[in-house]
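Undergrad: I am attaching a structure below and will ask some questions about it afterwards.
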Amino acid sequence: MKKKFFISTAIDYPSYFPHLGHALEKIQADVLTRYKRSQGFEVHFSIGTDEHGLKMEKSAKKANKDLKEFVDEMSDNFKNLSKVLNISNNDFIRTTEKRHKNVVLKIFKKIYKNGDIYKGRYSGLYCVDCESYYLQKDLVNNKCPIHKKGVEEINEETYFFRMSKYQKKISEHIKKNKNFITPQSRRNEILNRLKDPLQDISISRKTVKWGIPLPIDNSFTLFVWIDALINYLTTIDYPNSRFQDFWPADIHVIGKDIVWHHSIIWGSLLLSVGLSLPKKIFSHGFITIEGEKMSKSLDNAVNPFELVKKYGVDPVRYFLLREFSSTEDGDFNIGRLEERYNSDLANGLGNLVSRVLTLSAKSAVILNDSEESDNGLSKEIKSTQEKYHQAMEEIKFNEALESVWQLIGVCDEYIEKNKPWELAKNNPEKFNSIINDLLVTIKEIANLLEPFMPETSEKILKQIKENKKGETLFPRL
RNA sequence: GCCGGGGUAGCUCAGUCGGUUAGAGCGUUGCUUUCAUAAGGCAAAAGUCGAGGGUUCGAGUCCCUCCCCCGGUACCA
7 MKKKFFISTA
17 IDYPSYFPHL
27 GHALEKIQAD
37 VLTRYKRSQG
47 FEVHFSIGTD
57 EHGLKMEKSA
67 KKANKDLKEF
77 VDEMSDNFKN
87 LSKVLNISNN
97 DFIRTTEKRH
107 KNVVLKIFKK
117 IYKNGDIYKG
127 RYSGLYCVDC
137 ESYYLQKDLV
147 NNKCPIHKKG
157 VEEINEETYF
167 FRMSKYQKKI
177 SEHIKKNKNF
187 ITPQSRRNEI
197 LNRLKDPLQD
207 ISISRKTVKW
217 GIPLPIDNSF
227 TLFVWIDALI
237 NYLTTIDYPN
247 SRFQDFWPAD
257 IHVIGKDIVW
267 HHSIIWGSLL
277 LSVGLSLPKK
287 IFSHGFITIE
297 GEKMSKSLDN
307 AVNPFELVKK
317 YGVDPVRYFL
327 LREFSSTEDG
337 DFNIGRLEER
347 YNSDLANGLG
357 NLVSRVLTLS
367 AKSAVILNDS
377 EESDNGLSKE
387 IKSTQEKYHQ
397 AMEEIKFNEA
407 LESVWQLIGV
417 CDEYIEKNKP
427 WELAKNNPEK
437 FNSIINDLLV
447 TIKEIANLLE
457 PFMPETSEKI
467 LKQIKENKKG
477 ETLFPRL
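Take a look at the structure:
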């Protein structure tokens, strides 16, 4: 039986059109997925949309559309995004699907039976403009810190989940498993917050109609976050055989703003149900645009569809993975993208493939990669592989790519040093051996790049196989 | 306020247990090759390592003070 690996992205809230941040998360998860598949794992890779809640209701109204229609349309945008980005997910889950509702109800019942749900009163200070609650200590002169307006004191019935019960267990789990939350900076933040006593969480909403009704009280719907988190069980068909094979999840890829929800809220829900915790919660950073925060008011969101259309899917994937640290914020700058495109892709990878294939095609050298003997580059290949695999295990995509580009540089030097175009005239035997070294190396480069740039990798392998130069991989901009 | 991370070449960053002239990539400049996408190769210029003080034979690397930037500070997707 194949080793199993379950990776998920967060499901997106489709109240707005997808932006580059949504793309980054899918691409990162896709790279991991393809990498694991290349290592022989059977991977379940899920993405999707989180479609309930007040904000969806409001967005639909604003767009002047029927709610269901609006939700379908918006969800499709995200589905298309993953297609355009060449994401190799094998499920796209929507929280409005029947299969999801069924799983949510099953989970809810388990938690309820376990005595972890109780009715109480929620009181809080509510700012209507923010649509959110504040604690007394966060107010400025008794007013909302953002709108500088008075807040309403709300006091209403709600159902709580006994999250406090699991504080100790989760806290110990995080302390014991150093990489449960990655990177460490996020882990520290969570541990720091856990120093204070954990509050139980309100999991029902009376005012929200667009949601899954509480099975124990139809006048409430389930808080959208609880609903959303359970998607990770729905996608692997809880509690059936696929679930048995794939739970616990190996990695949840998420944004840095929702680490708390995935480690603490999700973690305590799972403990209540009696399930193991996911093995890793991996948080990526956010993208700024030309130094500015992405924001609706600045209207500076970069449209990933247009970007791919202009530059191609692999260059966009490459740029986001090479230029950004996988866990920290990164700045998106179009000039920078074009620089990277020209220097790394056109002049680097593309040109190398082009010159090697021209040479090999001319003399019909046939790739012989079984030949272990004195390949002048085998040492370099090996050293690249080591760096690459280590970086991949640590989820440092930029470092993995850097190691591949070092190897590309080595190939260019190797060509320069051996001058195969001269050998072709006076030393055909040596010529063949040099070209073979190069073919073996660029084949390895193509393999290593497959998780990052699947189309490009395939094109290179095809050229090698046919021993024929194909069309220019990356025309200079 | 409190907690955490950071301030190193024009840009993005790396600098392990403190140790000889501080590194890489991109960009810039010069030389050079022709197999190749006017790409490649070689070389060079470029940094008072945020500021000040201290420990030490020796500090980007440890300690103190200060300045600046960013993140977190629970029911917002």
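All residue numbers in the first sequence are consecutive under our numbering, ending with 483.
Beta carbons: idealized from backbone N, C-alpha and C, even for Gly.
1) Can you list, in chain order, the residues of its chain with a C-beta nearer than 7 Å to that of M398? Leave out the 5 residues immediately preceding and following it.
2) Take T390 and list the residues in its own chain whose beta-carbon comes closer than 7 Å to its own, dropping the five residues that flank it on each side.
3) Pull up the CB-CB distance for Y118 and K61, whole angstroms please, since I reckon it's below 8 Å.
4) Starting from T390, follow the alpha helix (DSSP H) in both directions and report where the run begins and ends.
5) Ordered along the chain, which non-local residues of its own chain (more than five positions away) have a Cβ less than 7 Å from that of L483?
6) Where Q250 and R323 are concerned, what is the direct C-alpha to C-alpha distance, given to the nearest angstrom?
7) Classify T15 as helix, strand or coil using the three-state DSSP reduction.
8) Looking at the structure shown, is F5 part of a helix, part of a strand, or coil, going by DSSP?
9) Runs of 4 residues minimum, wholly inside the segment 314-371: which ones carry the alpha helix (DSSP H) assignment?
10) How is the alpha helix (DSSP H) around H106 delimited, first residue to last?
11) Between the alpha carbons of L30 and N92, how many angstroms are there, rounded?
12) Under three-state DSSP, which class holds R40?
13) Just the C-alpha distance for I187 and F325, rounded to the nearest angstrom, thanks.
14) Have a look at F114, L467, F288 and flag the residue whose alpha-carbon is nearest the alpha-carbon of L445.
15) Give, in chain order, every unbroken run of the beta strand (DSSP E) that is at least 3 residues long and sits entirely within the segment 215-286.
16) Just checking my contact of S225 with K212 at CB under 8 Å: how many whole Å lie between their CB atoms?
17) In terms of residue numbering, what span does the alpha helix (DSSP H) encompassing D56 cover?
18) What residue does the beta strand (DSSP E) around D72 start on, and which one ends it?
19) From the DSSP output, in three-state form, read off N309 for me.
20) Rounded to whole angstroms, what's the CA-CA distance from I33 to H106? Just pull it up for me.
21) Shortest alpha-carbon distance to L239 belongs to which of N473, T15, E472, K8?
22) When you compare the CB positions of F166 and Y128, do they come within less than 9 Å of one another, or not?
23) In whole angstroms, what is the alpha-carbon distance linking Y172 and F12?
24) Which partner residues does F554 have in the DSSP bridge list?
25) For L327, collect the residues of the same chain with a Cβ closer than 8 Å to its Cβ; drop the 5 residues on either side in sequence, then sort them by chain order.
26) Are the beta-carbon atoms belonging to G54 and D97 less than 9 Å from one another?
27) For E419, count neighbouring Cβ atoms within 10 angstroms of its own Cβ and tell me buried if that reaches 16, exposed if not.
28) For K393, I'd like the list of residues in its chain whose CB is within less than 7 Å of its CB, leaving aside the five on either flank, ordered along the chain.
29) Taking all protein chains shown into account, do 16 or more other C-beta atoms lie within 10 angstroms of the C-beta of G318, making it buried, or fewer, making it exposed?
30) By the 10 Å Cβ neighbour count, where 16 or more other Cβ atoms means buried, how is Y244 classified, buried or exposed?
TA: The short version:
1) Closer than 7 Å at the Cβ level, and outside the excluded window around M398, lie Y41, A406.
2) Around T390: S409, V410, Q412, L413.
3) That pair is no contact at about 27 Å.
4) Judged by DSSP secondary structure, T390 falls within the alpha helix (DSSP H) whose first and last residues are 384-399.
5) Short of 7 Å from the beta carbon of L483, and not among the five residues preceding or following it, lie these beta carbons of its own chain, in chain order: E344, Y347, N348.
6) Approximately 33 Å between the Cα atoms of the pair.
7) DSSP places T15 in the strand class (E or B) of the three-state scheme.
8) The displayed coordinates of the chain run from 7 to 483. Any statement about residue 5 would go beyond what the structure contains.
9) Complete alpha helix (DSSP H) runs here, min 4: 319-329, 340-346, 357-369.
10) H106 -> alpha helix (DSSP H) spans 104-119.
11) Cα to Cα, the separation comes out at about 12 Å.
12) Reduced to three states, the DSSP call for R40 is helix.
13) Taking the straight line joining both Cα atoms gives about 26 Å.
14) Looking only at F114, L467, F288, the smallest Cα-Cα distance to L445 is reached by L467.
15) Complete beta strand (DSSP E) runs here, min 3: 223-228, 257-261.
16) Sure, about 7 Å apart at Cβ, within 8 Å.
17) Here D56 belongs to no alpha helix (DSSP H), and DSSP marks it neither H nor E.
18) Here D72 belongs to no beta strand (DSSP E), and DSSP marks it neither H nor E.
19) The answer is coil: DSSP assigns N309 none of H, G, I, E or B.
20) Spanning the two alpha carbons is a distance of roughly 25 Å.
21) The option with the nearest alpha carbon to L239 is T15.
22) Here F166 is near Y128, since their CB atoms are less than 9 Å apart.
23) Each residue's Cα considered, the two are about 25 Å apart.
24) Since the first residue shown for the chain is 7 and the last is 483, residue 554 is missing from the structure and cannot be characterised.
25) Closer than 8 Å at Cβ, skipping near neighbours: I33, Q34, V37, F403, N404, L407, F458.
26) Yes. Within cutoff.
27) If you draw a 10 Å sphere on the C-beta of E419, you find fewer than 16 other C-beta atoms in it, and that means exposed.
28) These residues qualify, in order along the chain: S409.
29) Buried, since its Cβ has 16 or more Cβ neighbours within 10 Å.
30) By the neighbour-count rule (16 or more Cβ atoms within 10 Å), Y244 is buried.
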